[in-house]
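Asker: The working numbering applies: residue 2 is where the sequence shown begins, and numbers increase by one.
Below: one structure in C-alpha cells.
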Amino acid sequence: MATPMTAVNENHQSVGLPPGIVRLSRNENPLGPSPGVIEAVKSRSDQINRYEDPDHIDLFRKLAELHGVPHDERLSLPGLDSENAWIRVGDGAEHLMHAIARAFLSAGDEVIEPHPAFGLMVRYGEDIGARSVRTTLTPRYVYDLEAMAAAVNERTRMAVITNPNNPTGTVVTHDALSRFVEELPERVIVLLDEAYIDLVEDGACADGSALVRAHENVLLVRTFSKGYGLAGFRLGYAVGQPHMMARVRQYHGGSPSALVLTAACAALDDPDHVVRSREAATASKAIYYEACESLGLPYVRSEAAFVLIEVGDAEAVTQALAERRIIVINAETSWGISGMIRVSYGNKAESRIFTGALKEILG
C-alpha cells in the first residue's frame with residue numbers, strides 16, 4: 002500500500018536524493034528543474050567536448066530583458082569582457098559575492114548587515130579585514146532600515162540586504178528600500194541578495210532591478226538554484242551598472258560550463274515552472290502554518306523557501322526529527338535564534354511527514 006514515504010522516495014529518485022530521507026534543510030526546490038531544462042541538457046550532451054557556445058549570448062540577452070537593462074549586441078562571447086556589460090554570470094551566487102567583496106572592500110571598511118541574516122558578505126569582508134556591523138531586526142523579524150541607516154559612518158562601505166531574508170523569510174518593501182537607498186551616501190554600496198525572490202507572493206516586496214537601473218551604487222545578486230530548481234548546477238549572476246561590473250570582473254574569472262548555460266537559457270524560457278515552484282512553496286508553508294497553529298507554536302510567516310518555527314528546545318526537536326530521518330536546521334545554533342528551527346518547503350508528502358513527526362514529538 003502506498004504511504005507518504007513511498008511518494009517521497011519516488012520523488013527523491015527523480016531528483017537525485019537518497020530514499021528514506023526527508024531533507025528540509027537546504028532550501029532545495031522539490032519539483033526539480035523544468036522538463037524543458039532536462040530536454041535541453043540532453044540535446045547538448047553529445048557536444049560536451051566543445052567549449053561554451055557563443056550562441057549563449059542569448060542567456061545574457063534574456064537576463065537583460067528580465068531586468069530591463071541594456072544588452073551589448075557586440076559581445077562575441079557570453080559577456081565576459083565587455084566594458085558595457087551590466088550582467089556577470091558565475092558558478093553560484095556565492096562566488097560572485099566573494100568577487101564583489103574583493104572588488105569593493107578593504108581593511109578598515111565597515112559592512113552593515115542585520116542579524117539574523119544570511120551573513121555571507123560580512124564573513125567575506127572580515128577575511129579581507131573589513132569590520133562587520135550587525136544591526137537588529139524588528140520584533141517581527143523584518144529589516145530595520147532606520148537602524149541600518151543610523152549605523153552608517155565615514156567608514157561604511159557596504160550595506161547588505163537579503164530580500165526575502167534568510168532565515169526569517171520576511172521582505173523589505175519597494176518603497177522602504179527605495180527611501181533607504183536614496184538617503185545613503187553614494188559611496189556606500191547597497192548589495193541586494195535576491196536568492197528567494199522567485200518564490201515571493203507579496204506584491205509590495207522590492208524588486209532590485211529598478212534600483213540597479215537608477216543608482217550607480219546598487220548591486221543585485223540572484224541565483225538559478227531556488228525558483229528554477231538548478232541548485233546542482235551552481236549558477237548565479239550579478240547585475241549592476243557597467244563601471245561597477247567592470248570592477249567585479251577583475252576579481253571573477255572563468256565562466257559556467259556549456260551545459261549549465263544551456264540549462265539556464267531553457268529555464269528562462271519556462272516561466273510557468275517558476276510559478277509552479279512558487280505555488281508548491283505556498284502550499285507547503287500552508288501545511289506548516291496549519292500544524293503550528295494546531296500545536297500552538299509561534300512561527301514567522303515567510304515569503305521564501307522556508308519557515309522559522311518556535312519549538313522550545315530546538316536541539317532536542319532537531320535531534321528527534323533526525324531520528325525519524327527528517328533533516329531541518331537548528332536556528333538556535335546556526336543564527337542564535339532561541340528555540341527555533343528552520344524548515345525548508347517540500348512536496349506535499351514531505352510536508353505532511355514533517356508535520357506528522359512534529360505532532361508526535363510536541364503534541
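All residues carry an ideal CB built from backbone N, CA and C; glycine is no exception.
Since the model is a prediction, treat every value here as computed from it, not as a measurement.
Let me check understanding here. Comparing Cα to Cα, which of A104, E95, I58, I113 lies closest to I88?
Answerer: Working through the sequence shown from its first residue, we reach residue 88 at position 87. Checked all of A104, E95, I58, I113; the closest Cα to I88 is I58.
Asker: Less than 8 Å between the C-beta atoms of G237 and G357, yes or no?
Answerer: Numbered from 1 along the sequence shown, position 236 holds the residue referred to as residue 237. Numbered from 1 along the sequence shown, position 356 holds the residue referred to as residue 357. It is not a contact, given that the beta carbons lie outside the stated cut-off.
Asker: Just checking: is the beta-carbon of V153 within a distance shorter than 8 Å of some beta-carbon in chain B?
Answerer: Here there is only one protein chain, and chain B is not present.
Asker: At the level of alpha carbons, what is the spacing between G228 and P34?
Answerer: The count along the sequence shown starts at 1 and reaches residue 228 at position 227. The count along the sequence shown starts at 1 and reaches residue 34 at position 33. Roughly 9 Å between the two C-alpha positions.
Asker: So for I327, helix, strand or coil by DSSP?
Answerer: Here residue 327 refers to the residue found at position 326 of the sequence shown. Reduced to three states, the DSSP call for I327 is strand.
Asker: So for T136, helix, strand or coil by DSSP?
Answerer: In the sequence shown, residue 136 corresponds to position 135, counting from 1. If DSSP states are grouped into helix, strand and coil, T136 belongs with coil.
Asker: Would you kindly work out how many angstroms separate the C-alpha atoms of A196 and G340, rounded to a whole number?
Answerer: What you label residue 196 is simply residue 195 of the sequence shown in a count that begins at 1. What you label residue 340 is simply residue 339 of the sequence shown in a count that begins at 1. Between A196 and G340, the C-alpha separation is close to 26 Å.
Asker: Is it buried or exposed, R343, if we count other Cβ atoms within 10 angstroms and call 16 or more buried?
Answerer: Your numbering for residue 343 matches position 342 in the sequence shown. With 16 or more Cβ atoms within 10 Å of its Cβ, R343 is classed as buried.
Asker: Given that a residue counts as buried once 16 or more other Cβ atoms are within 10 Å of its Cβ, and exposed if not, what is R1?
Answerer: The requested residue 1 is not part of the displayed model; the chain covers only 2 to 364.
Asker: Note down the Cα distance separating P79 from M246, rounded to an integer number of angstroms.
Answerer: Taking the first residue of the sequence shown as 1, we reach residue 79 at position 78. Taking the first residue of the sequence shown as 1, we reach residue 246 at position 245. Unreliable positioning characterises P79 in this predicted model, as indicated by a pLDDT of 43, which lies under 50. The coordinate reading is nonetheless provided below. Roughly 14 Å separates the two Cα atoms.
Asker: Tell me whether D128 sits in a helix, a strand or coil according to DSSP, three-state version.
Answerer: For the purposes of this step, residue 128 is identified with residue 127 of the sequence shown, where counting begins at 1. DSSP places D128 in helix when its eight states are reduced to three.
Asker: Could you give the first and the last residue of the continuous alpha helix (DSSP H) run that contains Y346?
Answerer: For this step, residue 346 is matched to residue 345 along the sequence shown. Neither: Y346 is in no alpha helix (DSSP H) and is coded neither H nor E.
Asker: What residue ranges within the region 159-244 form continuous beta strand (DSSP E) runs of no fewer than 3 residues, ordered along the chain?
Answerer: Counting whole runs of 3 or more residues, the region 159-244 contains the beta strand (DSSP E) stretches 190-194, 219-224, 237-240.
Asker: Closer than 7 Å by C-beta to L81: which residues in its own chain qualify, once you throw out the five before and the five after it? Chain order, please.
Answerer: For the purposes of this step, residue 81 is taken as residue 80 along the sequence shown, with counting starting at 1. Because L81 carries a pLDDT of 49, less than 50, the predicted location of this residue cannot be relied on, and the following value inherits that uncertainty. Correct list, in chain order: S256.
Asker: With V308 as the anchor, note down where its beta strand (DSSP E) starts and where it stops.
Answerer: Residue 308 sits at position 307 when you count from the first residue of the sequence shown. Note, V308: beta strand (DSSP E), 307-311.
Asker: So, L221 versus S210, is the Cβ gap smaller than 8 Å?
Answerer: Here residue 221 corresponds to residue number 220 of the sequence shown, with the count starting at 1. Here residue 210 corresponds to residue number 209 of the sequence shown, with the count starting at 1. Going by C-beta atoms, L221 is nearer than 8 Å to S210.
Asker: By the 10 Å Cβ neighbour count, where 16 or more other Cβ atoms means buried, how is V276 classified, buried or exposed?
Answerer: Position 275 of the sequence shown, counted from the first residue, corresponds to residue 276. It is exposed - the Cβ of V276 has fewer than 16 other Cβ atoms within 10 Å.
Asker: Which one of I198, P243, G91 has the shortest CA to CA distance from A215?
Answerer: To locate residue 215, count along the sequence shown from 1; it is residue 214. Taking only the C-alpha atoms, the option nearest A215 is P243.
Asker: To which residues does DSSP link V112 through a beta bridge?
Answerer: To locate residue 112, count along the sequence shown from 1; it is residue 111. BP columns for V112 point to S133, M159.
Asker: Alpha carbon to alpha carbon, how far is A315 from V112?
Answerer: Within the sequence shown, the letter at position 314 stands for residue 315. Within the sequence shown, the letter at position 111 stands for residue 112. Their backbone Cα atoms lie some 30 Å apart in a straight line.
Asker: Hey, out of M149, E155, N331, whose CA is closest to V365's CA?
Answerer: Residue numbering for the chain in the displayed model covers 2 to 364; residue 365 lies beyond these limits and cannot be assessed.
Asker: Would you kindly work out how many angstroms separate the C-alpha atoms of K286 and G126, rounded to a whole number?
Answerer: Position 285 of the sequence shown, counted from the first residue, corresponds to residue 286. Position 125 of the sequence shown, counted from the first residue, corresponds to residue 126. Answer to the nearest angstrom: the Cα atoms are 34 Å apart.
Asker: So, with DSSP's three-state summary, where would you put I88?
Answerer: Translated into positions along the sequence shown, residue 88 becomes position 87. It is a strand residue.
Asker: What residues in its chain sit with their C-beta under 6 Å from that of K360, if we drop five residues either side in the sequence?
Answerer: Taking the first residue of the sequence shown as 1, we reach residue 360 at position 359. Excluding positions up to five away in sequence, the list is empty.
Asker: According to DSSP, is Y52 part of a helix, a strand, or is it coil?
Answerer: What you label residue 52 is simply residue 51 of the sequence shown in a count that begins at 1. Coil at Y52, not helix or strand.
Asker: Compute the distance between the beta-carbons of T163 and F119, then report whether it is under 8 Å.
Answerer: For the purposes of this step, residue 163 is identified with residue 162 of the sequence shown, where counting begins at 1. For the purposes of this step, residue 119 is identified with residue 118 of the sequence shown, where counting begins at 1. Their beta carbons are under 8 Å apart, which means T163 touches F119 by this criterion.
Asker: Using the C-alpha atoms, what's the distance from V70 back to A41?
Answerer: For the purposes of this step, residue 41 is taken as residue 40 along the sequence shown, with counting starting at 1. For the purposes of this step, residue 70 is taken as residue 69 along the sequence shown, with counting starting at 1. Between A41 and V70, the C-alpha separation is close to 26 Å.
Asker: Please list the terminal residues of the continuous alpha helix (DSSP H) segment that includes A152.
Answerer: Reading the sequence shown from its first residue, position 151 is the one you call residue 152. Premise fails: A152 is in no alpha helix (DSSP H) and is neither H nor E.
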